[in-house]
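Note that my numbering has the sequence shown beginning at 1, numbered continuously upward. From the three backbone atoms N, C-alpha and C, an ideal C-beta is built for every residue, glycine too. Quick caveat, the model's predicted, so the values are computed rather than measured.
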Amino acid sequence: MMQRVYSVGQINGYIKNMFAQDFVLNRVSISGEVSNCKYHSSGHIYFSLKDETGTLACVMFASARRGLAFRLSDGQQVIADGNITVYERDGRCQLYAARIRRDGAGALYERFLALKQELEEMGMFAPEYKQPIPPYVRRLGVVTAPTGAAVRDIINISRRRSPGIQIILYPAKVQGEGAARSVADGLHALDQLDLDLIIVGRGGGSMEDLWAFNEETVARAIFECRTPVISAVGHETDTTIADFVADLRAPTPSAAAELGVPDISAISDRLISQRDRMNRLMRDRISEKRMRLRQYEMRINYVSPVRCVQEQRQRLADLEEGIRRGMKQLLEARKNTLVLYAEKLKRVSPLEKLTQGYACVTDKDGKRVYSITRIKAGDPVSIYVSDGCIEAEVTRTETM
């Protein structure tokens with residue numbers, strides 16, 4: 001009997017059909033470490049899952065990436081959900097991942113992302129709810145463990161920056177069971193004491209160690225505080241839900257004290273500088289105002305009524321003097337003219353003629369006698385000479 005021979009494609013197709021009919025392989029969850037992770041330009045992710053016993057090829061198509069809450073990279077411990085089948089071209093089985101989540105700490109991270117998204121949608125991270133940190137803190141509240149580096153750093157730095165500050169510590173449990181409730185109770189208690197600022201936090205640790213600050217209880221306690229809150233949890237690279245809800249996030253507890261408590265010496269130096277600057281400006285302003293005042297005095301003196309009266313008096317005096325000079329000159333001119341006229345009159349005056357031996361004869365009516373025809377013998381006449389009048393009677397007339 002002749003043995004049947006199959007092609008490679010037939011065998012791969014048969015195996016693929018067997019995988020497709022297997023209920024377990026159609027819905028399987030596999031845990032392992034990610035390796036050879038590559039993001040293709042098409043949007044697909046190609047990677048392998050490995051453990052100490054072997055390796056399994058995997059692919060997540062771009063259509064399934066919407067459910068991936070983090071960026072996949074080598075070395076991550078994950079759980080991949082999907083189905084296993086055979087890729088006929090290579091004859092190799094691989095996992096088609098529909099969902100990938102972190103394993104172990106990854107599960108906590110997924111809880112972190114889920115709560116973060118929920119609180120963000122509720123508006124608890126919105127900037128309009130953030131309260132400003134007061135510039136001058138006199139009463140500081142601290143919610144943290146009563147022992148450890150975090151509380152020592154906060155107290156030492158706060159007192160160095162502001163020696164007179166009052167610090168009220170609420171000794172809270174910051175790790176393990178009941179830690180979230182203890183931190184929330186501390187926030188509520190300090191919020192009733194009319195403080196200027198509250199710092200809540202702890203030192204560094206793993207995600208599990210810091211988990212109390214990722215609980216909704218703590219987030220709501222921070223959000224409900226009327227007192228501004230600075231979150232200072234872990235190291236600079238650690239981020240918790242408390243950081244998003246708080247009014248300000250500090251990378252470390254030491255940084256929280258630096259950010260929240262003013263440096264009195266720096267403020268004092270700034271005040272001295274401002275005082276000196278203010279004094280300098282005041283001196284300059286006073287000097288400027290004095291100069292302007294002198295200018296105003298000059299203007300006032302220039303337009304003052306007294307000055308105007310004085311100027312008018314001087315002007316009138318000048319006018320009077322001018323009038324006097326003008327009148328004097330006019331009188332002199334008129335006097336000279338009068339002398340000339342007098343000389344002229346003198347030359348034509350009858351009296352002048354009389355002094356030269358001439359006389360003026362008038363009849364009885366006082367009319368001058370120009371001709372012998374106006375008088376006759378026996379008529380009285382008056383003869384005016386230079387020093388008087390002669391009354392005479394005509395005895396006769398004679399024609400020249």
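Relative to the alpha-carbon of residue 193, which residue among 88, 328, 167 has its alpha-carbon at the smallest distance?
For the residues 88, 328, 167, the minimum Cα distance to residue 193 belongs to 167.
Using alpha carbons as the reference points, say which of 399, 74, 348, 386 lies closest to residue 370.
If we check each option's Cα against that of residue 370, 399 comes out closest.
With DSSP collapsed to three states, give me the class of residue 262.
Coil at residue 262, not helix or strand.
Could you tell me which of 195, 200, 217 sits nearest to residue 227, measuring between CA atoms?
Selected option, being the one with the closest Cα: 195.
In chain order, which alpha helix (DSSP H) runs of at least 4 residues are fully inside the region 213-301?
DSSP runs (the alpha helix (DSSP H)) wholly in the region 213-301: 216-224, 241-245, 253-260.
Can you give me the start and stop residues for the beta strand (DSSP E) that residue 210 sits inside?
Element bounds for residue 210: n/a, residue is neither H nor E.
Heavy atom of the ligand PLP less than 7 Å from the Cβ of residue 197, yes or no?
Only the bare structure without any ligand can be found here, which leaves the ligand PLP out of the picture.
Taking the CB atoms as reference points, tell me whether residue 69 and residue 43 lie closer together than 8 Å.
Not a contact, by the Cβ cut-off of 8 Å.
For residue 134, I'd like the list of residues in its chain whose CB is within less than 7 Å of its CB, leaving aside the five on either flank, ordered along the chain.
196, 197, 228, listed in sequence order.
Looking only at C-alpha atoms, which of 327, 253, 212, 268 sits nearest to residue 404?
With the chain running from 1 to 400 in the structure shown, residue 404 is simply not present.
Suppose the cutoff is 6 Å on Cβ atoms and the five residues either side in sequence are ignored; what does the same chain contact list for residue 74 look like?
Hits under 6 Å: 34, 35, 37.
Do residue 97 and residue 58 have their CB atoms nearer than 8 Å?
Yes, they are a contact pair.
If I measure Cβ to Cβ from residue 124 and keep anything under 6 Å in the same chain, skipping five residues before and after, which residues do I get?
Closer than 6 Å at the Cβ level, and outside the excluded window around residue 124, lie 223, 245.
Can you name the start and end residues of the alpha helix (DSSP H) that residue 341 belongs to?
Residue 341 -> alpha helix (DSSP H) spans 305-348.
Assign residue 202 to one of three DSSP states: helix, strand, or coil.
Strand, per DSSP.
Below 8 Å on the Cβ atoms is my contact criterion, and I expect residue 189 with residue 217 to pass it. Report the Cβ-Cβ distance as a whole number of Å.
The Cβ separation is near 14 Å, so there is no contact.
Whether or not the region 253-269 and the region 142-156 are in contact is what I'm after, with contact meaning three or more pairs of Cβ atoms, one per stretch, closer than 8 Å; do they touch?
Touching, yes, given that three or more Cβ pairs across the two stretches are closer than 8 Å.
If you measure between the beta carbons of residue 385 and residue 359, is that distance less than 8 Å?
Against a cut-off of 8 Å, the Cβ pair of residue 359 and residue 385 comes out as a contact.
My assumption, with CB atoms under 8 Å, is that residue 259 sits in contact with residue 248. Please give the rounded CB distance.
6 Å between Cβ atoms; contact.
In angstroms, rounded to a whole number, what distance separates the CA positions of residue 93 and residue 4?
So the alpha carbons of these two residues sit roughly 25 Å apart.
Could you please give the first and the last residue of the uninterrupted beta strand (DSSP E) stretch that includes residue 381?
Residue 381 -> beta strand (DSSP E) spans 380-385.
List the DSSP bridge partners of residue 369.
Paired residue(s): none; residue 369 is not in a bridge.
Just the Cα atoms here: how many angstroms apart are residue 153 and residue 202?
Distance between the alpha carbons of residue 153 and residue 202 is about 11 Å.
Enumerated in chain order, which unbroken segments of the beta strand (DSSP E) with a length of 3 residues or greater are wholly contained in the region 163-199?
Whole beta strand (DSSP E) segments, 3+ residues: 166-171.
Please identify the residue among 336, 233, 100 whose C-alpha is closest to the C-alpha of residue 150.
Closest by alpha carbon: 233.
Whose C-beta lies closer than 6 Å to the C-beta of residue 180 among residues of the same chain, with five residues either side of it excluded?
Result list for residue 180: 212, 215, 217, 218, in chain order.
Beta-carbon separation of residue 127 and residue 264 under 8 Å?
No, these two residues do not count as a Cβ contact at 8 Å.
Can you give, in chain order, each stretch of the beta strand (DSSP E) that sits fully within the region 28-111 and has at least 3 residues?
Runs of the beta strand (DSSP E) inside the region 28-111: 28-39, 45-50, 55-60, 77-87, 92-102.
Tell me whether residue 293 is buried or exposed, calling it buried when 16 or more other Cβ atoms sit within 10 Å of its Cβ.
Exposed: under 16 other Cβ atoms inside 10 Å.
Could you work out which residue in 175, 90, 32, 366 is closest to residue 72 when comparing CA atoms only?
Among 175, 90, 32, 366, the Cα nearest to that of residue 72 belongs to 32.
Buried or exposed: residue 158, going by 16 or more other Cβ atoms within 10 Å of its Cβ?
Buried, by the Cβ-count rule.
Return helix, strand or coil for residue 154, following the three-state DSSP convention.
In this structure, residue 154 counts as helix in the three-state DSSP scheme.
Compare the beta carbon distance of residue 136 and residue 262 with 8 Å and say whether it is the shorter of the two.
Yes, the Cβ-Cβ distance between residue 136 and residue 262 is below 8 Å.
Rank 55, 225, 28 by C-alpha distance to the C-alpha of residue 131 and give the top, closest one.
Ranking 55, 225, 28 by Cα distance to residue 131 puts 225 first.
What are the partner residues of residue 399, as DSSP defines its beta bridges?
Paired residue(s): none; residue 399 is not in a bridge.
Tell me whether residue 200 is buried or exposed, calling it buried when 16 or more other Cβ atoms sit within 10 Å of its Cβ.
By the 10 Å Cβ count, residue 200 comes out buried.
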